[in-house]
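Remarks on the structure that follows.
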Amino acid sequence: MSAMHSFVRKKKEKKKREKKRKKKKKKREKKKKKKKKKKKKKKKKKKEKKKKKREKRKKKKKKKRGNPRFMV
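Counting along the sequence shown from 1, when you hit position 67 you're at 67 in the UniProt record's numbering, and nothing is skipped either side.
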């Protein structure tokens, strides 16, 4: 009896898990559809920002590179 009960419970849990998985999949697909339109513009901006940041970092490194003992 108890073995049968656990078997039934496991089956129910499996069904629940699969339902959740399906819901998540639907949500993910909806998000993808929404995002597709906007994505292209954002990527360009991000690349430009990254370039600027990289250039700033390079400038900072160049300033710090000299040995302070010899700078006097």
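Ideal placement from N, C-alpha and C gives every residue a C-beta, glycine not left out.
8 Å Cβ cutoff, residue i in contact with chain B
| i | result |
| --- | --- |
| Arg57 | No chain B appears in this structure, which consists of one protein chain only. |
Spatial distance of residue i from residue j (CA atoms)
| i | j | result |
| --- | --- | --- |
| Arg28 | Lys16 | 18 Å |
| Lys51 | Val8 | 58 Å |
| Lys46 | Glu55 | 14 Å |
| residue 121 | Lys53 | It is not possible to answer for residue 121, since the shown part of the chain is limited to 1 through 72. |
| Lys10 | Arg21 | 16 Å |
| Lys14 | Arg57 | 52 Å |
| Lys24 | Lys32 | 12 Å |
| Lys35 | Asn67 | 50 Å |
| Lys12 | Lys30 | 27 Å |
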